[in-house]
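Asker: Numbering (our numbering), first residue to last: 379 to 990. Have a look at this one.
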């Protein structure tokens, strides 16, 4: 939505917060005219195509999103002005708008059914289908702008036999020779998880929300930890199960789909002036006597009686439950180990309290089986696996599982450990380091553990400032630190092998906003003859550019990031320096006013025209 907002503000597309599918007469004429001129009259139907929405709550005060203007700019015409996601979105909007006013594609599909007699006398039935497109129709619009690389890839696939081929000419009763047989199994898959796009589509089908509320809704469920992203899939968390149970058991009417849709209808009626907002709020809060609907006041009156522990407990079977606590989800035994949950009888070595184990964030609720939960409990109860002794300190090194994941630590002798909590201890705490994501608690060895415990690693000293650069692993991943300036690294392995030269190259680049990892340069061009600093090619938000850490210059359309020469890179930087820094738009000059004393004069004051 933010990308669409920028396109709208730049005058490239029409208003984007709408789910209307209707186009204005101006847009219909522009789309039909452009399709006719680009593809031919046969690609445009005789009458304009008009669409209607099946969503009763569709916001159709605005027309459908389309390219702006009476005539549409093609993607190639805006390619020099738009880059990256902005160009891709405009390209999609243009193609869908033009294709919506083009003729249908025409093709034919043939299916061949064959029979083969097996050695045991059984008859196997086989079939194959092939489709031939005889008239591209609206598909021509979607093929517009395909680059040569895509064409070459399709040609290579065709030569390799990977692309679907046409069926040969066959007649009924023809005998076929078997050249090769291959048995392949097929398993049905469960419905895929929601993505952001499919979740919005589901909301539209249930008539919940508006185009202006979809983005905040998606942001809220992720910010509050109700779902986690795995690729593009939205995976519900244990917290989501607890919150859903709370809402359904105690506030069922408020989360009912029909209530949500009807409430939006009521709000629309208030916006139109057909209903009074104060009266509606009174019914919502105090209840509606006419329909015997309970109000919000009565719903929240008994909040203290809600069993919070019971709400946040999910039974996963085999005598195990998952509880959602203050510090995250954890698995717990219903009864202590050695205690029969049905009779309460205790074995000789029965535990006194149930075992608990933290569930890591990367374990989805659907993936947590009782067997996996038991394994977590066993690891949690383990005091750690000894990896050996540090040859320098002589301390034992252990690999353990903790609340925040697996880690390694050293065991301090009694004399080295802090004596008391009430007395300040001058000795250091045991060194501790989390395992990398690609490491396994069961296979980590002593050498790897000592490497982890050696972090943070001193990479070197900045030659100009003399500041020390260190490589560290933090809560949000690996990073470099120089004073108060931190830069993210791409992989955890870089913590051990990144050189001072590579670190200086990262610090020479503009700092990334947010927590995005610093991308490695696409190409290194050497030191700039003017600034003397290393020049690299980077992939930026608006496309590839060259930079020496101080000056950035965008590559031209004819410049290839992979083949650009150092001389060309230095030339682009020199041109950018010659232009000087860009002037901010809308900057106001501050001028000093001199006040002169004037004789008092009576004048008639007229109201100034109000400017919006």
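Where is the CB? At the ideal position from N, CA and C, for every residue including glycine.
Would you grab the beta carbon distance between residue 672 and residue 631 for me? Rounded to a whole angstrom, and I think it's under 8 Å.
Answerer: 7 Å
Asker: How many Å lie between residue 624 and residue 572 at the Cα?
Answerer: 22 Å
Asker: Extract the residue ranges of the beta strand (DSSP E) inside the stretch 858-889, only unbroken runs of 3 or more that lie entirely within it.
Answerer: Taking only runs of at least 3 residues, the beta strand (DSSP E) segments lying wholly in the stretch 858-889 are 863-866.
Asker: Consult DSSP for residue 763 and reduce its assignment to one of helix, strand or coil.
Answerer: strand
Asker: Whole angstroms is fine: what's the gap from residue 593's alpha carbon to residue 383's?
Answerer: So the alpha carbons of these two residues sit roughly 12 Å apart.
Asker: Mind listing, in chain order, the continuous beta strand (DSSP E) runs of no fewer than 3 residues lying wholly within the stretch 569-605?
Answerer: none
Asker: Using the C-alpha atoms, what's the distance from residue 909 back to residue 955?
Answerer: Rounded to the nearest whole angstrom, the C-alpha separation of residue 955 and residue 909 is 11 Å.
Asker: Out of 639, 741, 620 and 662, state which residue places its alpha-carbon closest to the alpha-carbon of residue 703.
Answerer: Closest by alpha carbon: 620.
Asker: In chain order, what residues of the same chain lie with their CB nearer than 8 Å to the CB of residue 457, ignoring the 5 residues before and after it?
Answerer: 465 and 935
Asker: Taking residue 635 as the reference, which of 587, 927, 899 and 431 has the closest Cα?
Answerer: That would be 587, whose Cα lies nearest to the Cα of residue 635.
Asker: In three-state terms, what does DSSP make of residue 662?
Answerer: helix
Asker: Below 8 Å, how does it come out for the stretch 475-483 and the stretch 494-509: are there three or more Cβ pairs, yes or no?
Answerer: no
Asker: Is the beta carbon of residue 888 closer than 8 Å to that of residue 948?
Answerer: no
Asker: Kindly list the residues whose CB is nearer than 7 Å to the CB of residue 495, restricted to its own chain and excluding five residues on each side of it in sequence; keep chain order.
Answerer: 501
Asker: Determine which residues share a DSSP beta bridge with residue 734 and list them.
Answerer: 710
Asker: For the alpha helix (DSSP H) containing residue 688, list its first residue and its last residue.
Answerer: 686-689
Asker: Between the Cα of residue 748 and those of 700, 785 and 651, spot the shortest distance and give me the residue it belongs to.
Answerer: 700
Asker: DSSP on residue 927, reduced to helix/strand/coil?
Answerer: Of the three classes helix, strand and coil, the one that applies to residue 927 here is coil, per DSSP.
Asker: I'd like to know if the stretch 810-823 and the stretch 777-788 are in contact, where contact means that at least 3 CB-CB pairs between them fall below 8 Å.
Answerer: Touching, yes, given that three or more Cβ pairs across the two stretches are closer than 8 Å.
Asker: Assuming residue 463 contacts residue 391 under a Cβ cut-off of 8 Å, what Cβ separation, rounded to an integer in Å, is found between them?
Answerer: Not confirmed; about 13 Å, so no contact.
Asker: Counting beta carbon pairs with one atom in the stretch 750-761 and one in the stretch 733-740, are three or more of them shorter than 8 Å?
Answerer: Proximity of the stretch 733-740 to the stretch 750-761 meets the contact definition, three or more beta-carbon pairs being nearer than 8 Å.
Asker: What do you get for residue 681, buried or exposed, if any count of 16 or more other CB atoms within 10 angstroms of its CB means buried?
Answerer: exposed
Asker: Can you check whether the CB of residue 912 is closer than 8 Å to the CB of residue 952?
Answerer: no
Asker: Buried or exposed for residue 876, going by 16 or more other Cβ atoms inside 10 Å?
Answerer: With 16 or more other CB atoms across the displayed protein chains lying within 10 angstroms of its CB, residue 876 is buried.
Asker: Hey, residue 639 and residue 579 are a contact pair by Cβ (cut 8 Å); roughly how many whole angstroms apart?
Answerer: Residue 639 to residue 579, Cβ: 16 Å. No contact.
Asker: So, for residue 655: in the same chain, excluding its five sequence neighbours on each side, which residues have a beta-carbon less than 8 Å away from its beta-carbon?
Answerer: Contacts found: 648.
Asker: Under three-state DSSP, which class holds residue 846?
Answerer: Taken through DSSP and simplified to helix, strand or coil, residue 846 comes out as strand.
Asker: Are residue 429 and residue 518 close, meaning C-beta to C-beta below 8 Å?
Answerer: no
Asker: In chain order, which continuous runs of the beta strand (DSSP E) of length 3 or greater are located wholly inside the stretch 605-653?
Answerer: Whole beta strand (DSSP E) segments, 3+ residues: 605-608 and 611-614.
Asker: Give, in chain order, every unbroken run of the alpha helix (DSSP H) that is at least 4 residues long and sits entirely within the stretch 421-479.
Answerer: For the stretch 421-479, the full-length alpha helix (DSSP H) segments reaching 4 residues or more read 453-456 and 462-477 along the chain.
Asker: Could you check if residue 561 is buried or exposed, using at least 16 other CB atoms within 10 Å of its CB as the buried criterion?
Answerer: exposed
Asker: By Cβ distance, which residues of its chain are closer than 6 Å to residue 881, with the 5 residues on each side in sequence left out?
Answerer: 837, 847 and 858
Asker: Could you tell me whether the Cβ of residue 879 comes closer than 8 Å to any Cβ of chain B?
Answerer: In summary, chain B is missing from the structure at hand, where a single protein chain is found.
Asker: Does DSSP put residue 744 in a helix, in a strand, or in coil?
Answerer: helix
Asker: Going by Cα to Cα distance, which pick from 879, 868, 869 and 885 is closest to residue 860?
Answerer: Ranking 879, 868, 869 and 885 by CA distance to the CA of residue 860 puts 885 first.
Asker: With distance defined between alpha-carbon atoms, name the residue in 569, 596 and 591 nearest to residue 577.
Answerer: Of all alpha-carbon atoms in 569, 596 and 591, the one lying nearest the alpha-carbon of residue 577 is that of 596.
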